[in-house]
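Going from the sequence shown to this note's numbering is simple: count from 1 and add 11. Built from N, CA and C at the ideal position, the CB exists for glycine as well. In this text, all values refer to a predicted model and were calculated from it rather than measured experimentally.
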Amino acid sequence: MVIQGITGRYYLTTSEERARYLLRAAAAMRRRKHEFSAWMVFEVGKSWAEADADTAEAIDFLEYYARQMVHLADSSAALRPFPGEQLQLMYLPLGVAAVIPPWNFACAIMTGMTSAALVSGNAVVVKPAEDAATVAYKVCELFWEQGLPPGVLNFVVSNPGSLAGRVMVDHPQTRLIAFTGSKNVGLEIYERAAKLHPSQKWLKRSILEMGGKDAVLVDETADLEAAAAGIVASAFGFQGQKCSAGSRAIIARPIYEHLAERVVARAEQLSVGATDGGPQIYMGPVINPRAVDKIMGYIGLGRQHHTLLLGGNFIETDTNGYFIQPTIFGEVPGDAPIAQEEIFGPVLALVPAGDFDEMLAIANSTDYGLTGALYSRDRSRLEHARRAFQVGNLYFNRKSTGAVVGVHPFGGFNLSGTDSKAGGPDYLLLFTQAKSIAEAL
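#1: Taking the beta strand (DSSP E) that P104 falls in, what are its first and last residues?
#2: What are the complete beta strand (DSSP E) segments, minimum 3 residues, inside the stretch 386-411?
#3: Less than 7 Å between the C-beta atoms of V52 and D287, yes or no?
#4: Cα-Cα, which of E54, S245, G106 is closest to Y21?
#5: Bridge partners of R259, per DSSP?
#6: So what does DSSP say about E54, is it helix, strand or coil?
#7: Determine whether the beta carbon atoms of F190 and I111 lie at a separation below 7 Å.
#8: D85: buried (16+ other C-beta within 10 angstroms of its C-beta) or exposed?
#9: So what does DSSP say about Q315, is it helix, strand or coil?
#10: In angstroms, rounded to a whole number, what distance separates the CA positions of V13 and M121?
#11: Could you check where the beta strand (DSSP E) with I298 kicks off and where it finishes?
#12: Could you check whether S245 and V227 sit closer than 7 Å to each other, using their CB atoms as the reference points?
#13: G435 to V243, Cα distance in whole Å?
#14: Taking C-alpha atoms, which residue in A233, A119, L33, E96 lies nearest to A64?
#15: Please identify the residue among I298, F247, A302, A263 whose C-alpha is closest to the C-alpha of A280.
#16: Helix, strand or coil: which one does DSSP assign to A38?
#17: Taking I448 as part of the beta strand (DSSP E), name the residues at either end of that continuous run.
#18: Please classify R259 as buried or exposed, where buried requires at least 16 neighbouring CB atoms within 10 angstroms.
#19: What is the DSSP secondary structure of V81, counted as helix, strand or coil?
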């Protein structure tokens with residue numbers, strides 16, 4: 012395997028050398044920030060505000076992981092001294108990393124996973140989502156322009172249904188797989204990576220982020236205007252196509268009607284249209300016809316069983332895009348499919364609940380555990396939720412989306428993934444293997 016030979020040479024570079032590649036890439040991306048944002052507006056239909064935030068997050072990943080790698084290179088100080096021995100703790104590369112990023116954060120997540128693998132000393136094979144291949148290629152091109160040695164970063168593009176991803180995961184020289192995407196694909200990767208192939212003498216490491224069915228809880232002590240604003244932003248930012256999207260609002264029964272009115276009134280004001288029309292557009296198209304079919308299927312299910320409060324229709328336009336109205340269903344039981352399953356579209360379920368314990372029970376009743384938010388002025392409830400709300404990222408009195416690199420390490424519980432905290436101080440450890448060395452004096 013040619014990449015394996017290249018890995019051996021790149022393996023010997025220092026942490027500082029590899030960090031400089033990332034810092035140069037960050038500076039170059041900052042100079043070309045609007046170019047990367049424009050590609051996301053064009054290719055995946057992000058609004059200008061969402062695209063700008065995506066590019067900014069990518070730059071943050073590059074700079075943060077560069078600093079973290081330099082910090083990890085000097086880990087021996089964390090060891091307890093031992094008489095008569097000189098001690099060293101090293102974090103070494105694993106080898107070849109398969110990186111499979113999603114289309115929804117086409118620049119940020121692609122950059123974050125790839126840069127983490129590279130700065131840790133691994134060779135990388137990137138296979139992007141088909142719907143965001145151009146943005147992914149532009150990121151790779153940026154790395155190559157910074158002088159990254161040939162063959163260290165490799166780009167593979169495939170058609171839907173291609174076996175390329177399976178080949179990458181199964182290959183005996185693959186040491187780790189970093190994936191962000193759907194639960195079903197993530198579980199398949201997890202299963203395939205566990206199998207030992209001929210000539211393979213290591214266990215493959217899986218770093219998986221697999222979505223969520225995230226809830227925003229609002230109790231009777233909350234600021235209802237702030238809660239309504241947070242619910243709408245969580246549910247409908249980037250058309251709900253975020254793993255952190257707050258697609259459920261679990262609301263205390265005494266305030267349910269008042270808050271539902273506020274949420275609907277705010278959602279009615281959202282502008283929908285082609286995002287290349289300018290920054291005034293809040294919601295653009297969903298990603299492709301398959302997404303339309305899935306989302307409209309859930310909307311049809313909601314129409315059959317629940318109260319439609321807003322939207323529910325596909326928007327016919329003269330532009331080439333797949334536009335769906337922001338859609339809200341009311342009086343949705345906590346165990347209903349639209350309150351349990353990830354829709355990945357602009358669909359919000361309003362779920363009434365009794366006491367606070369019931370609100371938490373409903374929130375924790377899905378297979379997922381990625382993000383969650385709680386609006387409350389009751390300090391005892393906030394403190395209780397710290398441990399009882401089973402999510403990897405918990406937010407109090409703010410929306411469930413918008414994790415910041417180095418501030419809100421991101422990754423979830425349960426079937427949301429391996430709780431690999433992207434943008435956190437321990438993330439790079441997942442891309443390395445630790446070696447302890449003791450020399451007698």
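Let me spell this out:
#1: 96-104
#2: 404-407
#3: yes
#4: G106
#5: A226, A360
#6: helix
#7: yes
#8: exposed
#9: helix
#10: Note on V13: pLDDT 47, under 50, position unreliable in the model; the coordinate value appears next. Roughly 23 Å between the two C-alpha positions.
#11: Element bounds for I298: n/a, residue is neither H nor E.
#12: yes
#13: 27 Å
#14: A119
#15: Note that residue 280 corresponds to Gln in the displayed sequence, not to Ala. Here the closest residue by C-alpha is F247.
#16: helix
#17: 443-451
#18: buried
#19: helix
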